[in-house]
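Undergrad:
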Amino acid sequence: MSKIKVELPDFLANSIKCAVTQAIEEASKRALTSQYPPYMSKSEAAKYLNIAPNTLDQWIATTNIPYTKFGKTYRFNRYELDKFMTSKD
1 MSKIKVELPD FLANSIKCAV TQAIEEASKR ALTSQYPPYM SKSEAAKYLN
51 IAPNTLDQWI ATTNIPYTKF GKTYRFNRYE LDKFMTSKD
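Per the UniProt record's numbering, residue 1 is the first one in the sequence shown, and the count goes up by one each step.
1) Throw me the rounded Cβ distance for the R75 and Y39 pair, which I believe falls under 8 Å.
2) Between the alpha carbons of T55 and D82, how many angstroms are there, rounded?
3) Measure the C-alpha to C-alpha separation of E25 and Q35 and round it to an integer number of angstroms.
4) Cβ of S43 within 8 Å of Cβ of P53?
5) In chain order, what residues of the same chain have a beta carbon less than 7 Å from the beta carbon of Y67, not counting five sequence neighbours either side?
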């Protein structure tokens, strides 16, 4: 079986790369949002943010990370965490 090499014009190759990249990013976001509930515990929030639980504790103490506390229980809204992370320098 012989192989045929096809060369695409640069604009078409770049368009395909952009479309594939965007599709992968959207699929990744959908996978994350379906994996994590809208309201998360401290351990779930740390996993969602890909940080250590100790780091989350430090952020609670020193930053304006959004959370709600009910007695000793912390709850983090996934949407608010996303907004917080995109605004973080």
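Just so you know, even glycine gets a beta-carbon here, dropped at the ideal spot from N, CA and C.
Because the structure is a prediction, the values reported are computed rather than measured.
TA: In terms of the structure at hand:
1) Numbered from 1 along the sequence shown, position 75 holds the residue referred to as residue 75. Numbered from 1 along the sequence shown, position 39 holds the residue referred to as residue 39. Rounded, the Cβ-Cβ distance is 5 Å, consistent with contact.
2) The residue given as residue 55 occupies position 55 in the sequence shown. The residue given as residue 82 occupies position 82 in the sequence shown. Cα to Cα, T55 sits roughly 17 Å from D82.
3) Numbered from 1 along the sequence shown, position 25 holds the residue referred to as residue 25. Numbered from 1 along the sequence shown, position 35 holds the residue referred to as residue 35. Their Cα atoms are separated by approximately 15 Å.
4) Residue numbering aside, residue 43 sits at position 43 when the sequence shown is read from its first letter. Residue numbering aside, residue 53 sits at position 53 when the sequence shown is read from its first letter. Yes.
5) Position 67 of the sequence shown, counted from the first residue, corresponds to residue 67. Within the same chain, Y67 has close Cβ partners I60, Y74, R75 and F76.
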